[in-house]
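Novice: Numbering follows the working numbering, in which position 505 of the sequence shown is assigned residue number 1779; successive positions increment by one, without gaps.
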Amino acid sequence: MLGVLKEPVVVTAEINVNLVALTVMGLISRLWGLCYPRAVVFDEVYYGQFVSLYMKRIFFVDDSGPPFGHMLLALGGYLGGFDGNFLWNRIGAEYPMNVPVWSLRLLPALAGALCVPLAYQILVELHFSHWAALGAALLILLENSLITQSRFMLLESILIFFILLAVLSYLKFYNLQKHSSFSGSWWFWLLLTGVSCSCAVGVKYMGLFTYMLLLAFAGLHFWHMIGDQSLSNVSLLCHFLARAVALLIIPVGIYLSFFYVHLAVLYRSGPHDQIMTSAFQASLEGGLARITQGQPLEVAYGSQITLRNVLGKPMQCWLHSHTNTYPIRYENGRGSSHQQQVTCYPFKDVNNWWIVKDPGMQQLVVSNPPRPVRHGHVVQLVHGITTRYLNTHDVAAPLSPHSQEVSCYIDYNISMPAQNLWRVEIVNRESDTDVWKTILSQVRFVHVNTSAVLKASGLSGASLPEWGYRQLEVVGEKLSKGFHQSMVWNVEEHRYGKSQEQKEREVELHSPTQMDISKNLSFMAKFTELQWKILTLKNEDTEHKYSSSALDWITMDTNIAYWLHPTSGAQIHLLGNVVTWASANAAALVYTCLSLWYLIRRRRRIYDIPEDAWQLWVSAGGVCGGGWAVNYLPFFLMEKTLFLYHYLPALTFQILLIPVVLQHLGNHLCRSVLLKSMFSALIVAWFSSVYFVYCTFSPVTYGQPALSVTQLKDLRWKESWNILIRKQ
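(1) Three or more C-beta pairs under 8 Å: does that hold for the segment 1309-1322 against the segment 1532-1539?
(2) Alpha carbon to alpha carbon, how far is M1941 from S1893?
(3) For P1618, which of helix, strand or coil comes out of DSSP?
(4) Please confirm whether F1491 and Y1541 have their CB atoms less than 8 Å apart.
(5) With which residues is N1583 paired in a DSSP beta bridge?
(6) As a quick exercise: from Q1985, A1474, L1581, pick the residue whose alpha carbon is nearest that of D1623.
(7) Going by beta carbon distance, what residues of the same chain come within less than 7 Å of H1596, once the five residues before and after it are set aside?
(8) Once DSSP output is grouped into helix, strand and coil, what is the label at I1791?
(9) Just verifying my parser: in three-state terms, what is the DSSP assignment at V1958?
(10) Buried or exposed for Y1619, going by 16 or more other Cβ atoms inside 10 Å?
(11) Comparing C-alpha positions only, which one of W1696, Y1321, G1609 sits nearest to P1675?
(12) Which of the three DSSP states is assigned to G1750 in this structure?
(13) Excluding the 5 residues flanking N1996 on each side, which residues of the same chain have their C-beta closer than 7 Å to its C-beta?
(14) Can you tell me which of the three DSSP states Y1743 falls into?
(15) Please classify D1882 as buried or exposed, where buried requires at least 16 other C-beta atoms within 10 Å of its C-beta.
(16) So which of R1662, I1523, L1804, V1373 has the shortest CA-CA distance to N1352?
(17) Look up T1286 in the DSSP assignment and say whether it is helix, strand or coil.
(18) Please state whether the Cβ-Cβ distance between W1628 and H1657 is less than 8 Å.
(19) Taking all protein chains shown into account, decide if Y1686 is buried (16 or more other Cβ within 10 angstroms of its Cβ) or exposed.
(20) Report yes if the C-beta distance between A1726 and L1746 is below 8 Å; otherwise report no.
(21) When the distance is taken between beta carbons, is Q1716 closer than 8 Å to V1701?
(22) Can you confirm whether the segment 1331-1350 touches the segment 1285-1299 when touching is taken to mean that 3 or more C-beta pairs between the two stretches lie within less than 8 Å?
(23) Just to confirm the assignment: which complete beta strand (DSSP E) runs, minimum length 3, are found wholly within the segment 1462-1511?
(24) Please classify D1706 as buried or exposed, where buried requires at least 16 neighbouring CB atoms within 10 angstroms.
(25) How about I1365 and G1544: are their beta carbons less than 8 Å apart?
(26) Using 8 Å as the threshold, is the C-beta distance between L1795 and A1553 below it?
(27) Excluding the 5 residues flanking M1589 on each side, which residues of the same chain have their C-beta closer than 7 Å to its C-beta?
(28) What does the alpha-carbon distance come out to for the pair R1312 and I1659?
(29) For a quick check, are the C-beta atoms of Y1743 and L1848 less than 8 Å apart?
(30) With 16 as the cutoff for other CB atoms within 10 Å, does P1973 come out buried or exposed?
(31) Where does E1803 sit, in a helix, a strand or coil, going by DSSP?
(32) Exposed or buried, what is Q1636 when buried is set at 16 or more other beta-carbons lying within 10 Å of its beta-carbon?
(33) Closer than 8 Å is the cut-off here; do at least three beta carbon pairs connect the segment 1641-1658 with the segment 1568-1583?
(34) Between G1350 and chain C, is any beta-carbon pair separated by less than 8 Å?
(35) Buried or exposed: which applies to A1671, given that a residue is buried once 16 or more other Cβ atoms fall within 10 Å of its Cβ?
(36) What would DSSP say about A1844, mapped onto helix, strand or coil?
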């Protein structure tokens, strides 16, 4: 044993100098002067708000995507000691000393820097030369738009990093397939593919496009494996299960974990709560939880309740009534019942309280023991303050003449009897004997006489006129018109009524409850609701000064001014390297034309290039061309405000296609020594122009040095570019 120590322990390692050099250059290009400008730059005003909310543990909902990207930005703030105290309300606002600018921008910058060596490795794994791989990495390194986007507190560079990491991991896994199946490295790259895909989707849903592309590759490759007679059925099953676990099950689990951490960190009530259900709001610390703490769980006859509409958008509102009546005639000449108004009111108010009454009894208090209300039971809803019964009848609603008016019944001694019986239907019930529960049960009220459903129609239409205090209309909607969330209600505040006398009951309605019932939602219930809100919540799309169409991106007919110095001409723009963008478009066109030519010729059994070169050409096109297509074409189907930065993931793949096409042209079309020499000289000249454009636009990429008016005008290479020039 001791004899081993006679010889020194030697560790050898292979170092790819190209990879190290590219990584260092990437870090320098993205990290240099990272704190400049020390001011809010473009969408930092948007993402910074979420970072502050993370620091303060306040719940929020962002309809732009999942929370993982926001958490990474918040991690930078946490590592820098940010306390969240900054008002993100204006682009260009100076950061005070308590905002760790370098730390907040660090992770996007690191992600952008690492995209350079990733591009190199992807070309190597596609079996292209190291020269081609080096060219791809340098093009990413010198792409001004990618540099700009990665130097600020934005998400695109992080998204592109995980997309490229997923592609690289899958290529490494696939290349190990033939000789090292189920080895440690095989498992590592397969699992890293799934992890990277889930991270990409967790940053922005745009990552889903590349994830689906890789799943298609995995499915195609496995289909080819099925035809391999050397593989046994057991081996095929193991391969299938490995891919299913690594590429489907694990990514789903990781995606869920993002939301688990998000919800665990953001446990405090905040301004975004109101779009969530009452049950979700009650699970947060503060806010609704302070009000609902100690409420009875089961709604019983005699319960005093407030009813919140489940839809909750564009605003939350509660079933409400007041002493005012509908006007005898509306402005359009139609008549009304002149009964007491019933509305949906977007604020908490004592007039939101109702009493659940048993139609067969007169008492308005909870018996001992309480008699719970179940699905299918018929009840009367008595307005707590005015003691009038919720009613509907065959009278047209004020704003929705095809629906029934809902009112609180006043007996005018005319031939209009009360119709105040409502059947309770629990929408999310597990069985037909479910008890109506506070917060948890989502119910609809079906009118016994007319089968109309109580609906807050004002959430999708105009508010009532002045006589209705601009509150939201409530109607009785026929079931035949279909189901809508505005027909569903839940009990938010609840107490067991104890006072039969009206004056005592009014005092009771203002008093807190005493019973203690926990209403914590499970993680899956909270995840499902939050995920649905993210997917369905839409902010009103407004035209932005720098918004653009997907067609504008290919030729870079648009730009975005990110920042302007308050006194000098220093400014930062999202502008790409013109030569690189034009070359990427040319490469895509050449690849498409050559592929069609080869396919037609191969159909005629004419093979212009060797089979291995053809397979290399197809696989590179599938990765680079396919990556461009799936990250670009879906934007033509999206109804949202689009910006130039949405094109950057697709552009990255298109840039990778440039060296693919150049190597193919050099190897297979330039056959003589003279042609190869001329082609090499052209590549050197072309790459020099790429570097020249990079240097030319660096002042508006990094924001320094400040340029004169003449210099800024010289940078306006296209009339459509909006270079900011101060008036003298």
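All C-beta atoms, glycine included, are put in the ideal place defined by N, C-alpha and C.
Specialist: Taking the definition as stated:
(1) no
(2) Reading the sequence shown from its first residue, position 667 is the one you call residue 1941. Reading the sequence shown from its first residue, position 619 is the one you call residue 1893. Position check: residue 1941 holds Asn in this sequence, whereas Met was assumed. Rounded to whole angstroms, N1941 to S1893 spans 17 Å at the Cα level.
(3) In the sequence shown, residue 1618 corresponds to position 344, counting from 1. The question names Pro, but residue 1618 is Cys in the sequence shown. Of the three classes helix, strand and coil, the one that applies to C1618 here is strand, per DSSP.
(4) Residue mapping note: residue 1491 aligns to position 217 of the sequence shown, counting from 1. Residue mapping note: residue 1541 aligns to position 267 of the sequence shown, counting from 1. With contacts defined by Cβ atoms closer than 8 Å, F1491 and Y1541 do not form a contacting pair.
(5) Here residue 1583 refers to the residue found at position 309 of the sequence shown. In the DSSP output, where bridge partners are listed per residue, N1583 has W1763.
(6) Here residue 1623 is taken as the residue at index 349 of the sequence shown, counted from 1. Per the Cα distances, L1581.
(7) Taking the first residue of the sequence shown as 1, we reach residue 1596 at position 322. The answer, listed in chain order, is Q1615, N1625.
(8) In the sequence shown, residue 1791 corresponds to position 517, counting from 1. Residue confidence for I1791 is low, a pLDDT of 38 falling below 50, so the modelled location carries little weight and cannot support an answer.
(9) Taking the first residue of the sequence shown as position 1, residue 1958 is located at position 684. V1958 falls in the helix class under three-state DSSP.
(10) In the sequence shown, residue 1619 corresponds to position 345, counting from 1. Its Cβ being crowded by 16 or more others within 10 Å, Y1619 is buried.
(11) Mapped onto the sequence shown, residue 1675 falls at position 401. The residue with the shortest Cα to Cα distance from P1675 is G1609.
(12) Against the sequence shown, residue 1750 aligns to sequence position 476. Of the three classes helix, strand and coil, the one that applies to G1750 here is strand, per DSSP.
(13) Position 722 of the sequence shown, counted from the start, is the residue given in the question as residue 1996. Once the five neighbours on either side are set aside, the close Cβ partners of N1996 are N1833, A1835.
(14) One-based indexing of the sequence shown puts residue 1743 at position 469. Three-state result, Y1743: coil.
(15) Position 608 of the sequence shown, counting from 1, holds the residue named residue 1882. Counting the other Cβ atoms within 10 Å of the Cβ of D1882 gives fewer than 16, which makes it exposed.
(16) As a working mapping, residue 1352 is identified with position 78 in the sequence shown. Here residue 1352 is Tyr; the residue named in the question, Asn, does not match the sequence. The candidate whose alpha carbon is nearest that of Y1352 is V1373.
(17) As a working mapping, residue 1286 is identified with position 12 in the sequence shown. Correct three-state label for T1286: coil.
(18) By one-based count along the sequence shown, residue 1628 stands at place 354. By one-based count along the sequence shown, residue 1657 stands at place 383. One thing to note: W1628 has its Cβ within 8 Å of the Cβ of H1657.
(19) Counting from 1 along the sequence shown, the entry for residue 1686 is found at position 412. So Y1686 counts as exposed.
(20) Along the sequence shown, one-based indexing puts residue 1726 at 452. Along the sequence shown, one-based indexing puts residue 1746 at 472. Going by C-beta atoms, A1726 is not nearer than 8 Å to L1746.
(21) Mapped onto the sequence shown, residue 1701 falls at position 427. Mapped onto the sequence shown, residue 1716 falls at position 442. Yes, Cβ-Cβ distance for V1701 and Q1716 is below 8 Å.
(22) At 8 Å Cβ cutoff, the stretches do not touch.
(23) none
(24) For the purposes of this step, residue 1706 is identified with residue 432 of the sequence shown, where counting begins at 1. D1706 is exposed by the Cβ-count criterion.
(25) Residue 1365 sits at position 91 when you count from the first residue of the sequence shown. Residue 1544 sits at position 270 when you count from the first residue of the sequence shown. Contact: no.
(26) Against the sequence shown, residue 1795 aligns to sequence position 521. Against the sequence shown, residue 1553 aligns to sequence position 279. With respect to A1553, L1795 sits close: the two C-beta atoms are nearer than 8 Å.
(27) Residue mapping note: residue 1589 aligns to position 315 of the sequence shown, counting from 1. These residues qualify, in order along the chain: P1620.
(28) Mapped onto the sequence shown, residue 1312 falls at position 38. Mapped onto the sequence shown, residue 1659 falls at position 385. If I take the Cα positions, the gap works out to 57 Å.
(29) Taking the first residue of the sequence shown as 1, we reach residue 1743 at position 469. Taking the first residue of the sequence shown as 1, we reach residue 1848 at position 574. For Y1743 and L1848, no; Cβs fall outside 8 Å.
(30) Within the sequence shown, numbered from 1, the residue matching residue 1973 stands at position 699. Buried: at least 16 other Cβ atoms inside 10 Å.
(31) Numbered from its first residue, the sequence shown carries residue 1803 at position 529. DSSP places E1803 in helix when its eight states are reduced to three.
(32) Taking the sequence shown and counting its residues from 1, the one referred to as residue 1636 is at position 362. Burial state of Q1636 is exposed, judged by a 10 Å Cβ sphere holding fewer than 16 other Cβ atoms.
(33) Segments in contact, yes.
(34) As a matter of chain content, chain C is missing from the structure shown, which is built from one protein chain.
(35) As a position in the sequence shown, residue 1671 is number 397, starting the count at 1. Counting Cβ neighbours within 10 Å, A1671 comes out buried, since at least 16 surround it.
(36) Taking the first residue of the sequence shown as 1, we reach residue 1844 at position 570. Reduced to three states, the DSSP call for A1844 is coil.
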